[in-house]
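Asker:
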Amino acid sequence: MRRTPALSIVFYMAAASELDKIHVNPINEGLGAFRRLFESTRAELSVGASQDAVQVVFSTVATAVAKNLVLDLILALQNHRNVRTLPSQNGRANLLEDLFTLGSSVYSNDFDIRSAIPLVERVVNNAPDEEICSAVSDLVAHAGPKQITPPTAFENSVYDTPLRSSSASQRGIEQTHDEVDQRILEELTGRVYYDVGKFFERYFEGKVWTNNTKDIYENSRHQYAEGRWIGWPEPSAQGPFFEWFMKFQDTVLSGLDRRYYTSANKVLRGSEADRKLDIFLTPANVALLNGEHDWSNVLVIGEHKQNPDEDGSTKTLLQLAGYAREVFGSQPDRRFVPGFTICGSVMRLWVFDRSGGQATRGRCLEVNRIGDSSGPYSSEKFDIHKEPERFVRVITGYALMTDAELGLNTFIRRDGNKYIVAQGLGICLEDKPLAWQRAI
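Take the position in the sequence shown, starting the count at 1, then add 1302; the result is the number in my numbering.
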């Protein structure tokens, strides 16, 4: 039964000061990006705008797509300060803890995606905050037992490697997108750093190649006019965008030892889940078997979306994380993998490593040394038209980075065979490891 706002307020028994916080800074007003994302999905499915639109969308899309929508909503709610102080109806510390528990439950096989429809409907239809909070609590109660320890430990456990089931257990014929993506999402839930401070400064400033990136930007300025890049497609659909990006590269990055490619319509060799890769960086002179690129040569991963509202969405992160997993699986000694997303003209930079970690959107973090913090973690987003120099210096910087700066192994030497040196002794290594971790 749907509660009225008045009953919700009584049920919450929230203090007057807490209710005042809702009225001053409504949760509902911070969910605009999710509404736009839902409307975009609805329009793509040609579903009419009606009171039943959410039910129709959820009955039309694949379960994985519906779960991604729910997770996008949960992440948006987690990002609102008010949920830290609003009480839980399920015996936990607060509504934020409810949301963490809910995020961990969504991708379990037992979760009924239809149970999330009332919450999504309230958000899409601009219901009052009290109704939204009540719907969250109802969904948490429906999703699982009341006393589940949520995957949160903002301070002490950020640098711990949690022992948990991971996408590494998905092998061979099990490697379908839905199965692997479900496990990846379990690895990522509550463990992602967004908007990391000094990200650009750490990875792109003060390097031996930094001045080169500045020079390349100066040489590219003739392709920029009236506040935007010349020839940029609007809308930036996949085909026209790739065509623009590759032509831009031919002009700006010609002569470098590494090059960006796209395999948007072709699976890369060595993939266990038959993944295609939107944009990726490899050595320009790499030998191709039958003209096919291989995950073992990928240096930087990239994902393109036409819609700028998909920046930071679960779907976008999940796709990029899937690429990172393929790189780790094909490169057992890879330490970390740089990546980026371009959604519309909005760009965000990422680093994925193997160490897990726990964090949430909005947590303050500064990167002082590569590998200091468990990932994945991202830069702040920026518009490539509004910050053209940053855009050029990023795509150029990746192409100029050293092997160590790209996360490649630099302590294993090669002299016919692989080997490491320990106290003056050369220890030979088998080319294929006995075991390695594919998970993020």
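Even for Gly, the Cβ is constructed at its ideal location relative to N, Cα and C.
#1: Nearest by alpha-carbon distance to Q1633: which of S1647, V1498, T1712 and F1543 is it?
#2: Can you give me the Cβ contacts of D1354 inside the same chain, cut-off strictly under 7 Å, excluding the 5 residues immediately before and after it?
#3: Could you compute how far the alpha carbon of Y1562 sits from the alpha carbon of R1656?
#4: By the three-class DSSP mapping on this structure, what secondary structure does F1642 have?
#5: Here's the rule: buried if 16 or more other CB atoms are within 10 angstroms of the residue's CB, otherwise exposed. What is K1549?
#6: Judging by CA-CA distance, which residue of M1649, R1650, S1406 and L1339 is the nearest neighbour of L1371?
#7: Under the three-state reduction of DSSP, which class applies to P1634: helix, strand or coil?
#8: Restricting to Cα atoms, I'd like to know which of T1362, L1333, F1543 and S1407 is closest to R1344.
#9: For P1265, which residues does DSSP report across the bridge?
#10: Looking at C-alpha atoms only, which residue of F1642, S1352 and T1704 is the closest neighbour of D1559?
#11: Is the CB-CB distance between I1329 and D1414 below 8 Å?
#12: What is the residue span of the alpha helix (DSSP H) that V1694 lies within?
#13: Nearest-angstrom Cα distance between L1651 and V1510?
#14: Determine the extent of the alpha helix (DSSP H) in which E1503 is found, giving its start and end residues.
#15: Using 8 Å for Cβ pairs, my map puts G1332 next to A1378. What's the rounded Cβ distance?
#16: Between S1565 and H1595, is the Cβ-Cβ spacing less than 8 Å?
#17: Relative to the C-alpha of F1684, which candidate in V1425, L1710 and F1502 has its C-alpha closest?
#18: Comparing alpha-carbon positions, which option in A1706, P1690 and N1427 lies nearest H1524?
#19: With H1444 as the anchor, note down where its beta strand (DSSP E) starts and where it stops.
#20: Between E1682 and C1645, how many whole angstroms is the CB-CB distance? I'm expecting something under 8 Å.
#21: State the Cα-Cα distance for the pair I1672 and I1686, rounded to the nearest angstrom.
#22: What residue range is occupied by the uninterrupted beta strand (DSSP E) comprising I1686?
#23: Our contact map puts F1638 next to V1653 with C-beta atoms below 8 Å; I'd like the distance itself, whole angstroms only.
#24: Report yes or no: do the region 1393-1400 and the region 1624-1633 share at least 3 C-beta pairs separated by less than 8 Å?
#25: Applying the 10 Å Cβ sphere with the 16-neighbour rule, what's the burial state of G1508?
#26: Give the range of the alpha helix (DSSP H) segment to which F1360 is assigned.
#27: Classify T1584: buried if its beta carbon has 16 or more other beta carbons within 10 angstroms, exposed otherwise.
#28: Please report the distance separating the alpha-carbon of S1615 from that of E1520.
#29: Which same chain residues end up closer than 6 Å to I1450 when comparing Cβ atoms and leaving out the 5 residues on each side of it in sequence?
#30: Ignore the nearest five residues each way along the sequence and tell me which others in N1427's own chain have a CB closer than 8 Å to its CB.
#31: Is DSSP giving K1509 helix, strand or coil here?
#32: How long is the line joining the alpha carbons of R1383 and K1568, rounded to whole angstroms?
#33: Taking DSSP as the reference, what is the three-state secondary structure of G1604?
#34: By alpha-carbon positions, which one of T1515, E1346 and V1442 ends up nearest to P1420?
#35: Do T1515 and G1699 have their CB atoms nearer than 8 Å?
#36: Report the CB separation of W1597 from L1570 in whole angstroms; it is logged as a contact under 8 Å.
Answerer: Quick answer:
#1: Ranked by how close their Cα comes to the Cα of Q1633, the residues S1647, V1498, T1712 and F1543 have T1712 in first place.
#2: If we look at D1354 and ignore the five residues flanking it on each side, it has no Cβ neighbours.
#3: Each residue's Cα considered, the two are about 24 Å apart.
#4: Residue state, collapsed to three classes: strand.
#5: Result: exposed.
#6: Ranking M1649, R1650, S1406 and L1339 by Cα distance to L1371 puts L1339 first.
#7: Coil, per DSSP.
#8: Checking every option, the nearest Cα to that of R1344 belongs to T1362.
#9: An answer regarding residue 1265 cannot be provided, because it is not within the stretch 1303 to 1742 covered by the chain.
#10: With distances taken between Cα atoms, D1559 lies closest to T1704.
#11: The Cβ-Cβ distance between I1329 and D1414 does not fall below 8 Å.
#12: Where V1694 is concerned, the enclosing alpha helix (DSSP H) stretches over P1690 to L1702.
#13: Rounded to whole angstroms, L1651 to V1510 spans 21 Å at the Cα level.
#14: F1501 to F1506 is the span of the alpha helix (DSSP H), which, as asked, contains E1503.
#15: Taking a contact as a CB-CB distance under 8 Å, the pair G1332 and A1378 counts as one, their CB atoms being some 7 Å apart.
#16: Yes. Within cutoff.
#17: Checking every option, the nearest Cα to that of F1684 belongs to F1502.
#18: If we check each option's Cα against that of H1524, P1690 comes out closest.
#19: In the DSSP annotation of this structure, H1444 is not part of any beta strand (DSSP E); the continuous alpha helix (DSSP H) holding it starts and ends at D1431 to A1445.
#20: That pair is no contact at about 14 Å.
#21: Per-residue confidence for I1672 stands at a pLDDT of 38, beneath the threshold of 50, marking its modelled position as unreliable; the derived number appears in the next sentence. In a straight line, the C-alpha of I1672 is about 25 Å away from that of I1686.
#22: Where I1686 is concerned, there is no enclosing beta strand (DSSP E), given that its DSSP letter is neither H nor E.
#23: With 8 Å as the limit, F1638 and V1653 qualify as a contact, their Cβ atoms being about 6 Å apart.
#24: Counting Cβ pairs under 8 Å, fewer than three are found: no touch.
#25: Looking at its Cβ environment, which holds fewer than 16 other Cβ atoms inside 10 Å, G1508 is exposed.
#26: Here the alpha helix (DSSP H) through F1360 covers A1355 to T1362.
#27: So T1584 ends up on the buried side.
#28: One C-alpha to the other measures close to 33 Å.
#29: Its pLDDT being 33, under 50, I1450 is placed unreliably in this model, and the value from its coordinates should be taken loosely. Closer than 6 Å at the Cβ level, and outside the excluded window around I1450, lie T1403.
#30: Annotation for N1427: Q1353 place their beta carbon closer than 8 Å to its own, counting only its chain and skipping 5 residues before and after.
#31: Looking at K1509 - three-state DSSP - the assignment turns out to be coil, as it is neither helix nor strand.
#32: Rounded to the nearest whole angstrom, the C-alpha separation of R1383 and K1568 is 43 Å.
#33: Here DSSP, grouped into helix, strand and coil, assigns G1604 to strand.
#34: For P1420, the nearest C-alpha among the options comes from V1442.
#35: The beta carbons of T1515 and G1699 sit closer together than 8 Å.
#36: For W1597 against L1570, the beta-carbon gap comes to about 5 Å, under 8 Å, which counts as contact.
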